[in-house]
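**Student:** Read left to right, the sequence shown gives residues 0 to 134 (numbering that gives the first Met the number 0). Note that the Cβ used here is the ideal one computed from N, Cα and C, for glycine as well.
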Amino acid sequence: MKIEWTDDLSTGVPEMDEQHKQLIALLNDFYVAVERGERDEGIQALFEGVDRYTVFHFSAEEAFMEQIGYPDLPSHRETHAMFRREYQGAMERHGAGDRKAVRDLVAFLFSWLYTHIQKTDKRYGAFARQQVGQG
Ligand SMILES: [Fe+2]
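(1) Indicate the three-state DSSP secondary structure (helix, strand or coil) for Arg83 in the structure shown.
(2) I'd like the span of the alpha helix (DSSP H) that includes Leu8, first residue to last.
(3) Please return the same chain residues whose Cβ sits closer than 8 Å to the Cβ of Phe107, not counting the five positions on each side in sequence.
(4) Look at His79 and Phe109 and say whether their C-beta atoms are less than 8 Å apart.
(5) Where do the N-terminal and C-terminal ends of the alpha helix (DSSP H) with Arg51 fall, by residue?
(6) Going by DSSP in three states, Pro73 sits in which element: helix, strand or coil?
(7) The alpha helix (DSSP H) spanning Gln21 covers which residue range?
(8) The alpha helix (DSSP H) spanning Gly124 covers which residue range?
(9) What are the boundary residues of the alpha helix (DSSP H) that includes Ala106?
(10) Note down the Cα distance separating Ala59 from Ile67, rounded to an integer number of angstroms.
(11) What's the C-alpha gap between Phe82 and Thr53?
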């Protein structure tokens, strides 16, 4: 099922919200391509697109947390690293011809991303608001 952006996913940090929307759009494209039974080359391109975007987004997010002096940065960073390991593993399985890896990955990505934005990412948003005296 595709993910819809709702205010429930907002961190309150506009730059991060924009990146999350972009990431969700990439994942939805990925999902649609898998459902359509897209050829391997097409799927590979989508894998790489999501791969590049998560590298960019996680490092932007970590830089932001560092900038605001966010105390839970180490565990948040570890969560991103864990995600990257899972993702790389699924990419490799797909490269080795395991098509089921793609479906499993998309399902995992969607549920992980949704929960991560809604629970973990929102916390740095709350912390950032406190820092500027609005929290
Ligand atoms: Fe995050």
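**Tutor:** By the coordinates alone:
(1) Here the question's residue 83 lines up with position 84 in the sequence shown. It is helical.
(2) In the sequence shown, residue 8 corresponds to position 9, counting from 1. Unbroken run through Leu8: none, as it is neither H nor E.
(3) Residue 107 sits at position 108 when you count from the first residue of the sequence shown. So the qualifying residues of the chain are Glu85 and Ala89.
(4) Counting from 1 along the sequence shown, the entry for residue 79 is found at position 80. Counting from 1 along the sequence shown, the entry for residue 109 is found at position 110. Not in contact: His79 and Phe109 (Cβ atoms no closer than 8 Å).
(5) Here residue 51 is taken as the residue at index 52 of the sequence shown, counted from 1. Counting along the chain, the alpha helix (DSSP H) containing Arg51 begins and ends at Asp39 to Gln66.
(6) For this step, residue 73 is matched to residue 74 along the sequence shown. Here Pro73 sits in helix by DSSP.
(7) Position 22 of the sequence shown, counting from 1, holds the residue named residue 21. Segment Pro13 to Glu34, the alpha helix (DSSP H) holding Gln21.
(8) As a first step, residue 124 must be located in the sequence shown, where it is residue number 125. Run containing Gly124: Lys121 to Gln130, per the alpha helix (DSSP H) assignment.
(9) Counting from one through the sequence shown, the residue named residue 106 turns up at place 107. That run of the alpha helix (DSSP H) goes Lys99 to Thr114.
(10) Along the sequence shown, read from residue 1 onward, the residue named residue 59 stands at position 60. Along the sequence shown, read from residue 1 onward, the residue named residue 67 stands at position 68. Distance between the alpha carbons of Ala59 and Ile67 is about 13 Å.
(11) In the sequence shown, residue 82 corresponds to position 83, counting from 1. In the sequence shown, residue 53 corresponds to position 54, counting from 1. Each residue's alpha carbon lies about 9 Å from the other.
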